[in-house]
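In my numbering, the protein residues as written are 918 to 1526. Every residue gets a Cβ at the ideal spot worked out from N, C-alpha and C, and that includes glycine. Working notes for the structure below.
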Amino acid sequence: MTALKLRLAVIDYDVCKPRKCSYECISVCPVNKSGRGVAIDADMAARGKPVIYEDACIGCALCVKACPFDAIYIVNLPQELEEEAVHRYGVNGFKLFRLPIPREGQVVGLLGRNGTGKTTAIRILSGEVKPNLGRVEGPEPGWDEIIRRFRGSELQTYFKQLSEGKLRTAHKIQYVELVPRRLKGRVRDLLARADEKGVYLDLASEIGLDKVLDRDVRHLSGGELQKMLIVATLSKDANVYIFDEPSSYLDIRERMRVSKIISRAARPGTYVVVVEHDLSVLDYLSDNIHLLYGEPGAYGIVSKPYSSREGINIFLEGYLPAENIRLRKEPIKFRKPAEVGLDAKPSGGPRRIVGWTSLKVELQGFTLEAEEGELSGGEIVGVAGPNGIGKTTFVKTLAGVLKPSEGAVYPYVEGLRVSYKPQYISPEALPDATVFEVLKAANPAAVVPGSWLYLELVKKLRLDRMMDRKARTLSGGELQRLAIAVSLSREADIYLLDEPSAYLDVEERVNVARIIRRVIETREAAALVVEHDLMILDYVSDRISLVSGEPGVYGRVNTPRPVKAGMNLLLQELGVTVRKDDQTGRPRINKEGSYLDRMQRARKLFYAA
918 MTALKLRLAV IDYDVCKPRK CSYECISVCP VNKSGRGVAI DADMAARGKP VIYEDACIGC
978 ALCVKACPFD AIYIVNLPQE LEEEAVHRYG VNGFKLFRLP IPREGQVVGL LGRNGTGKTT
1038 AIRILSGEVK PNLGRVEGPE PGWDEIIRRF RGSELQTYFK QLSEGKLRTA HKIQYVELVP
1098 RRLKGRVRDL LARADEKGVY LDLASEIGLD KVLDRDVRHL SGGELQKMLI VATLSKDANV
1158 YIFDEPSSYL DIRERMRVSK IISRAARPGT YVVVVEHDLS VLDYLSDNIH LLYGEPGAYG
1218 IVSKPYSSRE GINIFLEGYL PAENIRLRKE PIKFRKPAEV GLDAKPSGGP RRIVGWTSLK
1278 VELQGFTLEA EEGELSGGEI VGVAGPNGIG KTTFVKTLAG VLKPSEGAVY PYVEGLRVSY
1338 KPQYISPEAL PDATVFEVLK AANPAAVVPG SWLYLELVKK LRLDRMMDRK ARTLSGGELQ
1398 RLAIAVSLSR EADIYLLDEP SAYLDVEERV NVARIIRRVI ETREAAALVV EHDLMILDYV
1458 SDRISLVSGE PGVYGRVNTP RPVKAGMNLL LQELGVTVRK DDQTGRPRIN KEGSYLDRMQ
1518 RARKLFYAA
């Protein structure tokens, strides 16, 4: 007996271009050709965009193969899921199944790929979006029907209180760069206006925002905007605190500060929900975790709650046993330093690429000094340290963009070729060209289907579906993936990548780390990677260089050293201890004052690999 299937047809209307095709999706549809019905039609009211009628669709997926822009998804899901549909964005739009369950006095984390419904879920929990239970036609469901849908679960009580106005929510948005466009004035005045508990000055001091309180909001960096929004959210007298990616733009030290003050918000009578892609931060913050899976942009399903350790390990393993769902073909495993000889001093590698003497760089009141060092072919050196400490200055010095006032950078390779990915990618700075044209300008081989570069970069970074789009119209994550592909496609001896994980979800971050390693090893080149995500820093690095000092005033770059020694020095400066998970090998931050934390501090072993 065949189990009933829920047919889900989704069209990405941002990619769909009916004026540039011949409606291949309509012409190949067997239902349309049979004359017994219409499964796909052109909606002339929507500029001729096609519409798929799911009740008539037979799921043959011929339209998926025929679409020249890969804009159509046809998915068959278990029929039982229809009863758990929570929200849908119009006909042939994204559909979300199930919701995370906030728990009083606990931090609930959300983990999943971009486009699987995390932001939709938290907007529903915050009351900004009223769930339509998957119905896009007819009258919208009322609160009574919504509450009945969740009867027997903790969400029934939650939505009842939300509908009656008994829950006040405070929501920290994802895109902090929008703030200067909507708000004007000094940081102090804006925070005082948002403060309902008289705590903004204490929070600002604790989070390191007190030095910019008198600055205009338009002149804040991304990290300062992030901290301002976190302080404003925690200053609200609310019952529900929701944080969408609170660690973006922040360095490792700031991420730990933010984690601690968000954790304190979880107390009796309050709910805290956090969306986060930094697994070390999410693990440290969360009591429970929901995984979101599905097809990005098409549908998302929320898993049952797991403990933070179990949930992250299941995500990395790529298999959800409770749902019998496989998230990816192979698990994500972390190397142990001893397995690749990282405890020993590096031998210098098969060929030396570039070296530098003791350097000194002076820039408008900021001084950077660097101990001597070198990079060899086939190795990746991770660079870590606070924001404003000189990491980008050091990268630009090696790239030849900046000239040192003392010391010198000297290449071992004649005609040293450098490929540099900057920290911030501004759409305005990009040429008025398509993604295809930008990639072709970097390396013509990158746009040849079947070539090594096309398969390794374009396909794996999912740029093949946006080749006709203007580069200036891409989102932050799409721009980041394009910038990484452009940088790595160039033929170079040294690759300098400044914060390649920014804007990316966990799977994309690990995928980028793997791609960097393959390119570096294949070309026998060297790479310098500036990174704030502890997990990615540990995952990608062969050696680590720590930058310390006083942000904005003075920075000192240490000689690259083995991973164990470099991580131990970094974590000692941060004042946190890290252990490796027995199952996955990923780094886990110990809770402050826990037995393992006290034991590792006593042994001065801040990084227990």
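Apply the 10 Å Cβ neighbour rule to residue i and answer buried if 16 or more other Cβ atoms are within range, or exposed otherwise.
i: G1022; result: exposed
i: E1331; result: exposed
i: K1277; result: exposed
i: Q1078; result: exposed
i: Q996; result: exposed
i: W1273; result: buried
i: A1038; result: buried
i: N1241; result: exposed
i: H1136; result: exposed
i: P1348; result: exposed
i: V1352; result: buried
i: D972; result: exposed
i: A1346; result: exposed
i: D931; result: exposed
i: T1310; result: buried
i: G1317; result: exposed
i: P1185; result: exposed
In the DSSP assignment, the beta strand (DSSP E) including residue i goes from what residue to what residue?
i: D1455; result: It is not in any beta strand (DSSP E) - D1455 instead sits in the alpha helix (DSSP H) that spans 1451-1457.
i: T1002; result: One detail in the question is off: residue 1002 reads as Ala in this sequence, not Thr. 1002-1005 is the span of the beta strand (DSSP E), which, as asked, contains A1002.
i: I1124; result: Counting along the chain, I1124 falls outside any beta strand (DSSP E), though it belongs to the alpha helix (DSSP H) covering 1117-1124.
i: K1144; result: Run containing K1144: none in the beta strand (DSSP E); it sits in the alpha helix (DSSP H), 1139-1151.
i: G1305; result: Looking at the DSSP string, G1305 is not in any beta strand (DSSP E), and its letter there is neither H nor E.
i: R1505; result: 1504-1506
i: G1026; result: 1024-1029
Can you look up residue i in the DSSP assignment and give me helix, strand or coil?
i: S1293; result: strand
i: Y1371; result: helix
i: P1097; result: helix
i: S1164; result: coil
i: G1483; result: helix
i: Y1471; result: strand
i: I928; result: strand
i: N993; result: strand
i: I975; result: coil
i: N1205; result: strand
i: K1277; result: strand
i: K1497; result: strand
i: A1183; result: coil
i: Y1512; result: helix
i: A1519; result: helix
i: D1260; result: Since pLDDT at D1260 reaches only 43, below the 50 mark, its modelled position is unreliable, and the value read off the structure follows with that caveat. In this structure, D1260 counts as coil in the three-state DSSP scheme.
i: K1177; result: helix
i: S1323; result: According to the sequence as given, residue 1323 is Glu; it is not Ser. Reduced to three states, the DSSP call for E1323 is strand.
i: I1411; result: strand
i: A1111; result: helix
i: G1393; result: helix
Which residues bound the alpha helix (DSSP H) around residue i?
i: Y1188; result: Counting along the chain, Y1188 falls outside any alpha helix (DSSP H), though it belongs to the beta strand (DSSP E) covering 1188-1192.
i: T1284; result: Careful: T1284 lies outside any alpha helix (DSSP H), inside the beta strand (DSSP E) at 1283-1287.
i: F1232; result: 1225-1234
Tell me whether the beta-carbon of residue i lies closer than 8 Å to the beta-carbon of residue j.
i: V1457; j: V1464; result: no
i: A1542; j: A1442; result: With the chain covering only 918 through 1526, there is no way to say anything about residue 1542.
i: G1305; j: G1469; result: yes
i: R1268; j: G1290; result: no
i: L1413; j: V1335; result: yes
i: I991; j: C942; result: no
i: L1208; j: G1228; result: yes
i: Y1188; j: P1048; result: no
i: I1506; j: D1204; result: no
i: L1028; j: F1283; result: no
i: I1178; j: L1196; result: no
i: A1359; j: R1407; result: yes
i: S1043; j: W1060; result: no
I think residue i touches residue j, with their Cβ atoms under 8 Å apart; what is that distance to the nearest whole Å?
i: H1194; j: D1422; result: 5 Å
i: A1301; j: E1062; result: About 51 Å separates the two Cβ atoms, so there is no contact after all.
i: A1400; j: K1338; result: 5 Å
i: A1526; j: K1508; result: Contact flag wrong, Cβ pair sits at about 19 Å.
i: N1009; j: R924; result: Going by Cβ atoms, the distance from N1009 to R924 rounds to 12 Å, so no, they are not a contact pair.
i: Y1210; j: T1033; result: 6 Å
i: V1129; j: I1147; result: Contact flag wrong, Cβ pair sits at about 14 Å.
i: S1164; j: R1172; result: 5 Å
i: D1154; j: K1089; result: 15 Å between Cβ atoms; not a contact.
i: D1459; j: V1298; result: 7 Å
Residue i CB to nearest chain C CB: under 8 Å?
i: E1123; result: Among the protein chains of the structure shown there is no chain C, as only one such chain exists.
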